[in-house]
DNA sequence: AGTGTTGTTTACCAATCGGTAAATTATCTA
DNA sequence: TAGATAATTTACCGATTGGTAAACAACACT
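Residue numbers (the numbering used here), protein chains in the order written: chain A, -16 to 188; chain B, -16 to 188.
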C-alpha cells in the first residue's frame, strides 16, 4: 500500500549480527552499524526502532542460523555427538582463531546484560535451554542404549558448565594452546561417561 | 617537599574497584567514579593518569584483597579444600545474590578486553595462574597422600573450567537455583576425584 | 491523475564520553 | 618569610553517544 523497502532486511540483520558479535553491544556505535550495513542511521531506526531492538533481531537471527544448526547435530546423538561437538569447538579454535575468539553472541550478550534487559534475558534463557536440551537428549539416547555411566541431569549440567567455561577462556584471550588443552579435557570428561570406560573420571589427555 | 595529598589513595582505589566490579569498565563513566570516590575527575586523573590506569589499580587491589585471600585457603589443602571452595561459592550465591551476580572483577575484565589491552591481559594471566596454582597444589597435596584418583593436571584444568563456567551463569543472570545446581555438580565432580570414591564421575546430587 | 502511506534522506539534537589547561591553595625547604 | 613544588579546584574541551524532526521520494489504491 506504500513505498516498498529498498534494502534486504535479512542481510542488514546479518551485518548487524556480525557487528555485535564481533565487538559487543556497548562497544559498537550506531556509526559502526551504519558502516556494517551501508544504511543511514535513520533507516535503521525506522526498521528496528532502537539499538536494543537491533540486538534482539541480531540474537534471534543468530539463534536461528548459528546455534540451532550446530545443536541439531547434537540432538539425540549420544556421547559421540557431545564429544564431537567439543571436538569441533577445538577444530574451529585451531583453524579460525579470530572467529573463535568472538565467542558466542548470546553468551556475550547475557554476560553484558545479565538480567538488566528482559528482552535479552528471555533470549538467554532460550539459548541455555536449547544447549542443555541438546546435551540432555544426546545423553538420554546413550542411556537408552545402556551406554551411559552416571546421572543424566548431572552430566548434562556438567557439559553445559564446561562449555560456558570454554567461552570465558576464549573471550578472555587465553592462548590457543590453553583453549586446546581445555577442549581436550572436556572431550576426555565426556568420553569417560561411556559405560565401558575406565574408572577414572578424567584420564590424562 | 610540597603539598600532601588530602585523600586516602587506598580508599579511593577500593571505591573505584567496587564501581568497576559492579558495572564493568565501559559502563562506568568518569562521573560514576567521581561519585563513588567523592573526588573530582581532575584529582583522579592526577593520581591515576587515565581511566585504564584506574582499572589496573583496581584489578591489582582486587587481586591482593579479594582473590589471594580466597585462594590461600585452597593452596596445598587437598580435595576438601577445592570442594569447600565451591561450597563457599554456593553459600555466597545463596546468602548474597546481588554481590554474587557481580561475578569476579578479573574475569569480567578479561572478558571485556580479551587481548586488546596488554595491561589487563597480563593481570588476567596472573589471575588464571593464581587460580590454577591453588587448585593444582591442593590436588597435588592430595595425590601425595594417595587420595587422588585421576591425572593431576587434567583435574586442575577441569576445576578451573567449571569455575569459569559458573561465572558465566552468575554474570548471565541465571536463576539462583540454576547456580546452586551447577555448584552442586562441581562439588560432586571434585568429590568424585577421591581415591575411595565410586566409579561414577558424577553422581546425581 | 490525485492522494494517502510509507521509505529515504539530510541535518540536526541534547547528553555524555574521556580528558585537560589554568588558576588557586597548601605545604615543605631554604 | 620567600620561593619551589605539588595538590586541588573550576571550568572547559572536542568528539562521540543514541536518537529524531522534517523535508522529500516512491509506491498502491481510488
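We treat Cβ as the ideally placed atom computed from N, Cα and C, and that holds for glycine.
Computed from a predicted model, the values in this text were never measured in an experiment.
Query raised in the report: Does the separation of the CB atoms of residue 110 of chain B and residue 93 of chain B fall below 9 Å?
Result: Yes, the pair counts as a contact, with Cβ atoms nearer than the cut-off.
Report task. Classify residue 187 of chain A as helix, strand or coil using the three-state DSSP reduction. Result -> Confidence at residue 187 of chain A is low in this model, with a pLDDT of 41, below 50, so the placement of that residue should be treated as unreliable; the coordinate-derived value is given next. Here residue 187 of chain A sits in coil by DSSP.
Query raised in the report: Counting along the chain, where does the alpha helix (DSSP H) carrying residue -13 of chain A start and finish?
Result: Counting along the chain, no alpha helix (DSSP H) covers residue -13 of chain A, and no H or E run does either.
**Report entry** residue 104 of chain B at chain A interface by Cβ criterion, 9 Å
**Finding:** True, the Cβ-Cβ gap to chain A drops below 9 Å.
Query - Through-space distance from residue 106 of chain B to residue -6 of chain A, alpha-carbon basis - result: Roughly 39 Å between the two C-alpha positions.
Query raised in the report: Buried or exposed: which applies to residue 52 of chain A, given that a residue is buried once 16 or more other Cβ atoms fall within 10 Å of its Cβ?
Result: Its Cβ having fewer than 16 others within 10 Å, residue 52 of chain A is exposed.
**Report entry** Local Cβ density within 10 Å of residue -1 of chain B, reported as buried at 16 or more and exposed below that
**Finding:** Buried, since its Cβ has 16 or more Cβ neighbours within 10 Å.
**Report entry** Closer than 9 Å to chain B by CB, residue 125 of chain A
**Finding:** Any Cβ of chain B closer than 9 Å to the Cβ of residue 125 of chain A would place that residue at the interface, and such an atom is absent.
Requested in this report: Output, in chain order, the set of chain B residues within a Cβ distance shorter than 7 Å of residue 152 of chain A.
Outcome: Within 7 Å Cβ-Cβ: 147.
Requested in this report: Find the residues of chain A that neighbour residue 34 of chain B, judging by a C-beta separation of less than 9 Å, and give them in chain order.
Outcome: In chain order: nothing, as chain A lies at least about 14 Å away.
Requested in this report: Measure the CB-CB distance between residue 114 of chain B and residue 72 of chain B and report whether it falls below 9 Å.
Outcome: No. Outside cutoff.
Query raised in the report: By the criterion of Cβ-Cβ separation under 8 Å, what are the contact partners of residue 13 of chain A in chain B?
Result: Residues of chain B with a Cβ closer than 8 Å to the Cβ of residue 13 of chain A do not exist, since the nearest Cβ in that chain sits about 16 Å away.
Query raised in the report: Going by C-alpha distance, which of A:132, A:13, A:65 and A:112 is nearest residue 201 of chain A?
Result: Outside the shown range of chain A (-16 to 188) lies residue 201 of chain A, about which nothing can therefore be said.
Query raised in the report: Below 9 Å between beta carbons: does that hold for residue 148 of chain A and residue 147 of chain B?
Result: Yes, Cβ-Cβ distance for residue 148 of chain A and residue 147 of chain B is below 9 Å.
Requested in this report: Can you check DSSP and say which residues form a bridge with residue 177 of chain A?
Outcome: Paired residues: A:131.
Query raised in the report: Does residue 65 of chain B have its Cβ less than 9 Å from a Cβ in chain A?
Result: Taking 9 Å as the threshold, the shortest C-beta distance from residue 65 of chain B to chain A does not fall below it.
Report task. Report the neighbours of residue 75 of chain B on chain A: residues whose CB is nearer than 8 Å to its CB, in chain order. Result -> Against chain A, the beta carbon of residue 75 of chain B has no neighbour under 8 Å; the closest one sits roughly 17 Å away.
Query raised in the report: Considering only the beta carbon of each residue, do residue 179 of chain B and residue 130 of chain B sit closer than 9 Å?
Result: Their beta carbons are under 9 Å apart, which means residue 179 of chain B touches residue 130 of chain B by this criterion.
Query raised in the report: How about residue 173 of chain B and residue 126 of chain B: are their beta carbons less than 9 Å apart?
Result: Taking 9 Å as the Cβ cut-off, residue 173 of chain B and residue 126 of chain B do not qualify as a contacting pair.
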